[in-house]
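I have placed the structure first, in the form of structure tokens, so that the comments after it can refer back to it.
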Amino acid sequence: MSSDNYRSEHRQETAILPADKIADSNDIEIINLKKEYYELKKINSTLLLCINTLYDSNDGKDAINYLLATIAGYHNADRAYIFEVTDDEKMFKNTFEWKSDTYPEGLSSIKSFQMKRFERWLDAFEKDGDIYIESLDSIPQKDSSEFEILSTQKIESLMAVPLYKHGTLTGMIVIGNPKSNTESMTLLKSVATFLMGDLERRKYMDQLYNLSYHDKMTGLQNRHAYIKKMKELERTSEKSNAKRKKLGIIFADINGLKAANDNYGHEKGDEMIITASTILKTICATTSQSEKSMDSDSLQRKLKKTNIYRIGGDEFVVFFEDIQKKVFEEKVSEMKKHPIISVGSIYLEKCENIEKHVVEADKRMYEEKKKWHGEN
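In terms of the numbering used here, the sequence shown opens at residue 421 and continues consecutively.
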């Protein structure tokens, strides 16, 4: 039908309508236009808030969490996630998550799941650019992983949009149990465009940090990270509440590294460095006798406060923050069982004068090293 014919027929239809019906029709159209205008205005203001959050914040993680809270608020949802595709392109991994106060108590989070178990989502992303699950009853297969995971997580409805980089799926934004504005994916899709750039920037910053603060051979933190940590400990030691924190310091050195390099080549020396670093990492991560009574969350917090540094060719420093003396002594005793390293240690009841005590631990290590040379 041509546009002229359409206008002609529309005029004829309008002409035979009663005057009051015409007025009602116009009023409804105006109301709908106003509703659409205010809805777009609300989306735009929310989107602007999301963009400002990403680019104005110095803390990328906090910014993304706040962004998820903003999106969840717009959709009146009780949770929001970002899942990113792992490097082997086999798993969706939960990298960011926001929960409301109504999130079921005691319910554990989704950590990751296999992508192949959600083929229906992948197909929907490719065909439609999003997926909306109005209720669990709308899921075709009740014995599927999709149904199992969502029902276990008490997710009754869901909205999700994909994250793409150069045409390749890299992740998705998921909104759980949305109760408002479910008819439109406009905000989610708009946020996804800006979020993809921010996630990429975060990855590059992480890579730059790893290059700057990690030793490539051992995977441990390097001398730059050690100096940064020393300054941080010295700053916090000036605060009265920080001085009450306990600190264990270990200074370790590889025995016979120079002889190994001279007699067998640097490949053998590298092997010894990796072996020594593995010993330190294993002992620091292994639960000692005194730690067996600790719950898993306490253990994880403790491990996060254990920092191992390779500060030279054959030298290592370990800081144990907030560690009990008995636990620390067990760690030291375990390290001294390995003849490949000499160990010097010092335990501080108060976290102060850190650099001075590192020097003292170094001296004690040197005494142990002299004993090793005497015996070998």
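By construction, the Cβ of each residue, glycine as well, lies at the ideal position given by its N, Cα and C atoms.
Burial state of residue i, where buried means 16 or more other Cβ atoms lie within 10 Å
i: E652; result: exposed
i: T638; result: buried
i: I647; result: exposed
i: G587; result: exposed
i: D635; result: buried
i: N796; result: exposed
i: G596; result: buried
i: V408; result: It is not possible to answer for residue 408, since the shown part of the chain is limited to 421 through 796.
i: E568; result: exposed
i: G764; result: buried
i: K783; result: exposed
i: A679; result: exposed
i: G734; result: The sequence given here places Asp at residue 734; Gly does not occur at that position. Label assigned to D734: buried.
i: E509; result: exposed
i: E566; result: buried
i: S600; result: exposed
i: K745; result: exposed
i: S697; result: buried
C-beta contact flag for residue i and residue j at 8 angstroms
i: G689; j: L677; result: yes
i: I694; j: M755; result: no
i: L607; j: Y494; result: yes
i: S736; j: G668; result: Residue identity differs from the one stated: residue 736 is Phe in this sequence, not Ser. Taking 8 angstroms as the Cβ cut-off, F736 and G668 do not qualify as a contacting pair.
i: Q627; j: Y729; result: no
i: I491; j: A483; result: no
i: I699; j: H758; result: yes
i: I760; j: N630; result: no
i: L768; j: K666; result: yes
i: E654; j: I774; result: yes
i: A762; j: D673; result: The sequence shown places Ser at residue 762, rather than the Ala named in the question. Contact: yes.
i: P598; j: N727; result: no
i: F516; j: V505; result: no
Three-state secondary structure assigned by DSSP to residue i
i: T522; result: coil
i: L583; result: strand
i: S528; result: coil
i: G689; result: helix
i: T707; result: coil
i: K701; result: helix
i: G617; result: helix
i: D550; result: coil
i: K513; result: strand
i: H634; result: strand
i: A781; result: helix
i: L719; result: No answer about L719 holds up, because its pLDDT of 47 lies below 50 and its placement is not dependable.
i: I569; result: helix
i: G668; result: strand
i: G800; result: Because the chain in this structure spans residues 421 to 796, residue 800 falls outside the shown range and cannot be described.
i: D482; result: helix
i: T588; result: strand
i: Q534; result: strand
i: I559; result: coil
i: A497; result: coil
Query raised in the report: Taking one C-beta from the region 514-524 and one from the region 542-554 each time, how about it: are there three or more such pairs within less than 8 angstroms?
Result: Flag = no, the region 514-524 and the region 542-554 do not touch.
Requested in this report: Could you tell me whether the region 559-568 touches the region 584-598, where touching means 3 or more Cβ pairs closer than 8 angstroms?
Outcome: no
**Report entry** Cβ pair count under 8 angstroms reaching 3, the region 523-536 against the region 566-584
**Finding:** yes
Query - Length-filtered (3 minimum) beta strand (DSSP E) runs lying within the region 746-795 - result: Listed in chain order, they are 761-768.
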